[in-house]
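The structure under discussion appears below in the form of structure tokens.
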Amino acid sequence: MFADTKAFSGFAVDDVAAAKRFYEDTLGLRVSEHDGTLTLHLAGGRDVFVYEKPDHQPATYTILNFPVDDIDLAVDALASKGVRLERYEGFAQDEKGIVRGDGPPIAWFTDPAGNILAVLEEPEATGTPGG
Numbered sequence: 595m596f597a598d599t600k601a602f603s604g605f606a607v608d609d610v611a612a613a614k615r616f617y618e619d620t621l622g623l624r625v626s627e628h629d630g631t632l633t634l635h636l637a638g639g640r641d642v643f644v645y646e647k648p649d650h651q652p653a654t655y656t657i658l659n660f661p662v663d664d665i666d667l668a669v670d671a672l673a674s675k676g677v678r679l680e681r682y683e684g685f686a687q688d689e690k691g692i693v694r695g696d697g698p699p700i701a702w703f704t705d706p707a708g709n710i711l712a713v714l715e716e717p718e719a720t721g722t723p724g725g
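Quick note, the sequence shown lines up with residues 595 to 725 if you use our numbering.
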């Protein structure tokens with residue numbers, strides 16, 4: 595029924611203007627705005643819809659994963675822009691906040707609305723997770 599639809603994902607924020615500044619200026623994504631909503635234009639032609647929700651509650655799970663070739667460079671770049679890496683109990687994170695060992699190296703951070711994002715080092719042999 596939906597096999598040929600061009601589905602897309604979306605998530606809520608509490609302040610579209612703050613989200614636009616973060617995703618565009620801090621993360622360097624292409625962002626468009628239309629009628630008070632945002633579209634994040636990700637690599638590979640993937641778009642994500644972002645909308646304001648007055649009673650927004652941050653997601654308690656990772657809503658976006660950003661695969662990179664070098665997690666140390668990515669984490670350093672985030673830190674240089676004032677992004678604070680999150681630390682979670684039960685994960686052995688190094689001084690930068692990166693988990694290394696089981697699975698790809700990964701680090702988490704949040705957007706201004708408190709939604710959880712991750713940067714992870716892309717495995718060389720397989721490409722992106724699931725690929």
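By construction, the Cβ of each residue, glycine as well, lies at the ideal position given by its N, Cα and C atoms.
Provide the residue span of the alpha helix (DSSP H) that contains residue i, from first to last.
i    : result
L667 : 665 to 674
For residue i, count neighbouring Cβ atoms within 10 angstroms of its own Cβ and tell me buried if that reaches 16, exposed if not.
i    : result
K614 : buried
F703 : buried
A719 : In this prediction, A719 scores a pLDDT of 43, lower than 50, which makes its location untrustworthy; the coordinate-derived value is nonetheless stated afterwards. The residue is exposed, with fewer than 16 neighbouring Cβ atoms inside 10 Å.
Y655 : exposed
G725 : For G725, the predicted structure reports a pLDDT of 46, less than 50, and the residue's modelled location is therefore unreliable. The matter cannot be settled from this model.
E715 : buried
P699 : buried
A668 : buried
Could you work out which residue in the options is closest to residue i when comparing CA atoms only?
i    : options                : result
L679 : I692, L667, F685, A686 : I692
L659 : D608, D598, N709       : Note on identity: in this sequence residue 659 is Asn, with Leu being the wrong assignment. Checking every option, the nearest Cα to that of N659 belongs to N709.
Following the continuous beta strand (DSSP E) through residue i, name the residue where it begins and the one where it ends.
i    : result
A611 : That residue, A611, is in no beta strand (DSSP E); its alpha helix (DSSP H) goes 610 to 614.
P699 : 697 to 704
E627 : 624 to 628
T633 : 631 to 636
L714 : 710 to 715
V662 : 656 to 662
Would you list the one or two residues that DSSP bridges to residue i?
i    : result
E646 : V607
L679 : F703
D688 : Answer is none; D688 lacks a bridge partner.
D641 : H635
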